[in-house]
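Take the position in the sequence shown, starting the count at 1, then add 11; the result is the number in the numbering used here.
Ideal Cβ positions, reconstructed from N, Cα and C, are used throughout, including at glycine.
Keep in mind it's a predicted model, so treat the numbers as computed, not measured.
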Amino acid sequence: MFITISNIDPRPLYEQIYESIKSKILKGELKPGDVLPSIRQLARDLKISVITIKRAYLELEQEKLIITRPGKGCFVADWDINEITSLNLLEIEQQMREVVVKAKKTGVLRNSVEQIFNKVLKEEYQ
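1. Per DSSP, I77 is paired with what?
2. Look up V46 in the DSSP assignment and give the residues it is bridged to.
3. Can you give the Cα-Cα distance for A88 and K58, rounded to whole angstroms?
4. Is there contact between the segment 65-80 and the segment 19-31, where contact requires at least three CB pairs shorter than 8 Å?
5. Do I36 and L24 have their beta-carbon atoms positioned less than 8 Å apart in this structure?
6. Would G44 and F86 be called neighbours here (beta carbons separated by less than 8 Å)?
7. When the Cα atoms are used, what is the spatial distance from I77 to Q126?
8. Do you know whose CA, among E72, N18, R51 and L98, lies nearest I62's CA?
9. DSSP three-state label for F128, please.
10. Is it buried or exposed for L47, if we count other Cβ within 10 angstroms and need 16 for buried?
11. How is R51 classed by DSSP in three states: helix, strand or coil?
Below, the structure written as structure tokens:
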């Protein structure tokens, strides 16, 4: 499994790993039942602490995105497409909310935000 982490990213490493795996699950790149690398194997591959991987997996498990079977490993949880769609929409809404809040704090006018949003939509949905 390919996971990119960056030491210049301000987010903690466990959060980068968590977000990367979560994204792969929500996009359908990782399917229900797929086995994840063991904590030790992923730590070795990424050259980071086992504790960091354990924290990322714990976060994923708390969100019910993965399940751990003692002695067998960690697996992508069984999701139906409606749940995945709902999670994706909630995540998008949260990200949009953060952008709008930042725009308001920095004095960007609503009209400018709408123009930027429409420009990005047009570029990405061609």
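Well, looking at it:
1. Paired residues: V87.
2. Answer is F86.
3. In a straight line, the C-alpha of A88 is about 26 Å away from that of K58.
4. A contact exists between the segment 65-80 and the segment 19-31.
5. No, they are not a contact pair.
6. Yes, Cβ-Cβ distance for G44 and F86 is below 8 Å.
7. Approximately 39 Å, taken between the alpha carbons.
8. Closest by alpha carbon: R51.
9. Helix at F128.
10. With 16 or more other Cβ atoms within 10 Å, it is buried.
11. Assigned with DSSP and collapsed to three states, R51 falls in helix.
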